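Residue numbers (the working numbering): 206 to 291.
Every residue, glycine too, gets a C-beta built ideally from N, C-alpha and C.
Bear in mind that the values here come from a model prediction, so they are computed numbers and not experimental data.
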Amino acid sequence: MLRVALTHLILFLLPFFCYALWLWLTKRSQHPDRWAKGPLAWLTVTGLVFVIVGFLVMSTFNRGPEGTDYRPTQMKDGVFVPGGFE
């Protein structure tokens with residue numbers, strides 16, 4: 206679960222990182238007041254689009270083998286029995 210959360214966090218922050226890198230490489234600076242009007246809104250929307258696409262890609266490609274069912278982790282007799290595909 207942590208891998209999924211980190212993947213989507215990175216996808217969301219990717220546009221912000223790219224914009225900061227572009228500002229650094231071009232030696233431009235933006236006044237903080239301008240962030241509220243333009244780049245911040247577009248970067249947020251782009252980050253959310255990346256996260257949605259990431260959800261779709263992960264749900265498409267992270268599946269178990271065909272013809273099997275997922276059995277979640279269970280507790281039996283006080284011991285955790287790992288889950289998996291059966």
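Using a Cβ-Cβ cut-off of 7 Å (strictly less than) and excluding sequence neighbours within five positions of residue i, which residues of its own chain qualify?
| i | result |
| --- | --- |
| Y224 | P244 and L248 |
| L226 | none |
Could you pull out every residue in the same chain whose Cβ sits closer than 8 Å to the Cβ of residue i, ignoring the five residues on either side in sequence?
| i | result |
| --- | --- |
| L219 | G252 and F255 |
| L274 | Here the sequence assigns Asp to residue 274, which means Leu is not the residue at that position. Cβ within range, chain order: F290 and E291. |
| M263 | V209 and T212 |
So if DSSP puts residue i in a beta bridge, which residue, or which two residues, is it bridged to?
| i | result |
| --- | --- |
| Y275 | F290 |
| V284 | K281 |
Could you check how far apart the C-beta atoms of residue i and residue j are, in whole angstroms? I think they sit under 8 Å.
| i | j | result |
| --- | --- | --- |
| G288 | P277 | 4 Å |
Please classify residue i: is it buried, with 16 or more other beta-carbons within 10 angstroms of its beta-carbon, or exposed?
| i | result |
| --- | --- |
| L207 | exposed |
| L214 | exposed |
| L216 | buried |
Taking only three categories from DSSP, how would you classify residue i?
| i | result |
| --- | --- |
| M263 | helix |
| R268 | coil |
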